[in-house]
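Numbering of the sequence shown is given in my numbering, commencing with residue 1103 and proceeding in unit increments.
Idealized CB from N, CA, C, for every residue including glycine.
To start, the structure itself, in structure tokens.
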Amino acid sequence: MTDYNIYLPYLVAIEKITEEAPGVKTFRLKFKNDEDARRFSFKAGQFAEYSVFGEGECTFCIASSPTRDGYVECTFREAGKVTSALAKLEEGETMGFRGPFGNTFPLDAWKGKNLLFIAGGIALPPMRCVIWNVLDTRENFKDVSILYGAKSVADLVYKDELKAWDERPDVKLVTTVDPGGETPDWKGAIGFVPSVLEKMNPSAENTIAIVCGPPVMIKFTFPVLDKLGFKPEQIYTTLENRMKCGVGKCGRCNVGKMYVCKDGPVFSRVALEALPAEY
Ligand SMILES: Cc1cc2nc3c(=O)[nH]c(=O)nc-3n(C[C@H](O)[C@H](O)[C@H](O)COP(=O)(O)OP(=O)(O)OC[C@H]3O[C@@H](n4cnc5c(N)ncnc54)[C@H](O)[C@@H]3O)c2cc1C
Ligand code: FES
């Protein structure tokens, strides 16, 4: 992926649109040019720049797994200018895609370990990529647990996939909604992610915790992981600093000497602790 112009988007067609939750959509994208499709490859954890012609670009993780060939998916929430323009596009229309950029989850180093995924709200997409990658190569890992929380039942994304993960004997899935966000038929937990995690009481022994969510969730989840005995080198997250170029040229995303677009977006807690105090 080094011999192409990093500023020139690939042309991709929107093959399928899924409405995940209020204001949240998943696009399945296919390369319009067969040669682009052949040369494109990525790894779990990477992100891309998605563009609407005449409107601009915005940054999303690649939410599909590299183990599923032939397409890429992104899941986004309408937040502002570009995401609103993106949300108006329909199946069959063409948009731009630049990437993949950034580093990856160290899946090879996690072989033989238990994996504990902890996600909140719209932060399940970066995790979905690595979850599917792990489930498609399930023999490489020990226990796989997923804790996913959203404000309300309506706000849970990937509802069909949550059902599929719940039915698998080799995955332990716990879903939770904030108090008041439940429906009469809700069978999951009720409570904020950090307190549900404490009740789950997972073992830190030979376990890697991958945490993605809003800053407030991360802030209260890390102390619970500390209490459970997780060391900083056992904890990973992804950062979502505002970006422009995505390739370490514009200086938009830096934290101290670190460029989130190049040195991240995946960081171990050890690396996070080396960042300036606001992180
Ligand atoms: C590596 C990475 C991965 C991301 N993955 C996803 C994803 O999978 N799905 C998803 O929905 N979003 C994701 N985001 C966030 C997404 O990039 C922004 O929400 C989006 O670019 C907003 O574009 P916009 O032009 O519609 O909004 P704008 O008009 O630019 O902004 C609308 C509002 O959102 C705020 N905002 C915009 N970008 C960010 C940001 N990065 N962090 C905090 N606030 C922001 C602005 O300050 C403003 O208040 C990711 C960001 C990064 C850096
Ligand atoms: S987004 Fe331009 S340097 Fe990181």
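Any residues whose CB sits closer than 6 Å to a heavy atom of ligand 2? List them in chain order?
Listed along the chain, these residues meet the criterion: Met1345, Lys1346, Cys1347, Gly1348, Gly1350, Lys1351, Cys1352, Gly1353, Arg1354, Cys1355, Tyr1361 and Cys1363.
Do Leu1341 and Thr1323 have their C-beta atoms within less than 8 Å of each other?
No, these two residues do not count as a Cβ contact at 8 Å.
Going by C-alpha distance, which of Ala1306, Asn1303, Asp1280 and Trp1288 is nearest Phe1294?
Measuring from the Cα of Phe1294, the nearest candidate turns out to be Asp1280.
Quick check on Ala1221: buried or exposed, where buried means 16 or more other Cβ atoms within 10 Å of its Cβ?
Label assigned to Ala1221: buried.
How long is the line joining the alpha carbons of Ser1050 and Cys1176, rounded to whole angstroms?
The displayed coordinates of the chain run from 1103 to 1381. Any statement about residue 1050 would go beyond what the structure contains.
With a CB to CB cut of under 6 Å and the five nearest residues on each side skipped, what residues in its chain are close to Trp1212?
Closer than 6 Å at Cβ, skipping near neighbours: Ile1310.
Can you give, in chain order, each stretch of the alpha helix (DSSP H) that sits fully within the segment 1119 to 1168 and has at least 4 residues?
Runs found: 1136 to 1141.
With distance defined between alpha-carbon atoms, name the residue in Val1154, Phe1207, Val1114 and Thr1285 nearest to Phe1133.
Taking only the C-alpha atoms, the option nearest Phe1133 is Val1114.
Taking Phe1294 as part of the alpha helix (DSSP H), name the residues at either end of that continuous run.
Neither: Phe1294 is in no alpha helix (DSSP H) and is coded neither H nor E.
Per the contact definition of three or more C-beta pairs closer than 8 Å, is the segment 1369 to 1377 in contact with the segment 1325 to 1336?
With a cut-off of 8 Å, the segment 1369 to 1377 and the segment 1325 to 1336 count as touching, because enough Cβ pairs lie within range.
Using 10 angstroms around the beta-carbon of Arg1240, count the other beta-carbons present and answer buried if the total reaches 16, otherwise exposed.
Burial call: exposed.
Would you kindly report the start and end of the unbroken beta strand (DSSP E) that includes Ile1320?
First-last for Ile1320: Pro1317 to Leu1330, but that is the alpha helix (DSSP H), not the beta strand (DSSP E).
Quick one: grab the DSSP three-state call for Met1302.
Met1302 falls in the helix class under three-state DSSP.
By DSSP, does Lys1364 sit in helix, in strand, or in coil?
Three-state result, Lys1364: helix.
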